[in-house]
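To start, the structure itself, in structure tokens.
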Amino acid sequence: MATLENQTQTSCKNEEEEACSYAMQLASISVLPMVLKSTIELDVLEIIAKSGPGACISPSEIASKLPTTKNPEAHVMLDRMLRLLASYKVLTCTMHTLEDGHVERLYGLAPFVSSWYYLKDAVIDGGIPFYKAHGMGLFDYHATDSRFNMFFNKVMSNQSMIFTKKILEMYKGFEGSETIVDVAGGTGTTLKMIISKYPTIKGVNFDLPHSVIHNWSDERSLKCLKNCYAALPEDGKVIIVEAIAPEFPETNSVANSVFHIDCIMLATLSGGKERTEKEFEALAKEAGFADFQVISCAYNNWVMEFRKMK
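Numbering (UniProt numbering), first residue to last: 1 to 310.
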């Protein structure tokens, strides 16, 4: 009976996670056709096809065959686009270990809104598609469009309520904390919910949404984390709640959802991206944190702890 009950609980939990991932996928449904459009305009599929039947080639090789590309990061951008397509089975993907130990993805052909139109230009020339479309960055644009700003804040607040409610049910890492600083807390929704459950905690809502780690390059994220490390007492910790990108482009709604958001970052923010577990761990260690742990998952958002050891 206990085994059957555990199986039922696990099944319900998996169904709930899958349903939320699918909802997030639907919310960003325009990502797939726009990434596919840019891939076609760049002749990426043709480049792969010309490599021969069943051929799998690296993003670097594909980038080298693009006409007049001046962007040194073209291969990185292509890799992020192609892994999304691989997660939808538009492309095949295999993993190849290089001599230096790094792993690269190789892509082959599988059998068979405004800023997105600048994704092709960004791959060729560099730059941020959103900036090309609007002449300014995403968060600068907020100040020019009150309706968009209100809608954005409402979406972030509602999303935070859903995720935080689930996190507070399963994550016990706030217990015993004296002070919590919510970096990029926006309108304060998350902090209010934490303090409501743990009223003895002193809460500080510290910055706006543009300070979220996945909005930033590794360099800027590292600077933020080092500042956090310096401000923390011994045995203090940074709690990060983010999606974790799989190393391999798995063909399920969880991977689809993460790669959707990653391509949104690609099209809207300079350096913003979704990271793999290894990439998060590398950031933690480089910032000085001796202990890195992935604790639990709430609707495809993972709770990670970067701890400053005594």
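Every residue gets a Cβ at the ideal spot worked out from N, C-alpha and C, and that includes glycine.
Just so we're clear, the structure is a prediction, and the values are computed from it rather than from any experiment.
Check	Outcome
Do three or more CB pairs link the segment 128-141 to the segment 51-64 at distances below 8 Å?	no
For the beta strand (DSSP E) holding Ala298, just list the boundary residues, first then last.	291-298
Given this structure, state the Cα-to-Cα distance separating His214 from Thr68, to the nearest angstrom.	30 Å
Shortest alpha-carbon distance to Val90 belongs to which of Gly127, Glu61, Ile40, Asp121?	Ile40
How big is the Cα-Cα spacing for Val294 and Ala255?	18 Å
With Ile244 as the anchor, note down where its beta strand (DSSP E) starts and where it stops.	Here Ile244 belongs to no beta strand (DSSP E), and DSSP marks it neither H nor E.
Is Asn301 helix, strand or coil by DSSP?	strand
Over what stretch of residues does the alpha helix (DSSP H) that includes Cys224 continue unbroken?	218-231
Give me the Cα-Cα distance between Thr179 and Gly203, rounded to the nearest whole angstrom.	6 Å
Let me confirm a value: Asn158 is counted as buried when at least 16 other C-beta atoms fall within 10 Å, else exposed. Which label applies?	exposed
Going by other Cβ atoms of all chains shown within 10 Å of its Cβ, with 16 needed for buried, is Gly176 buried or exposed?	exposed
Can you tell me whether DSSP reads Leu26 as helix, strand or coil?	helix
Do Leu32 and Tyr88 have their CB atoms nearer than 9 Å?	yes
My guess is that Ser21 and Ser253 are in contact by the Cβ rule of under 8 Å, so how many angstroms apart are they, rounded?	4 Å
How would you call Gly272, buried or exposed, if buried means at least 16 neighbouring beta carbons within 10 angstroms?	buried
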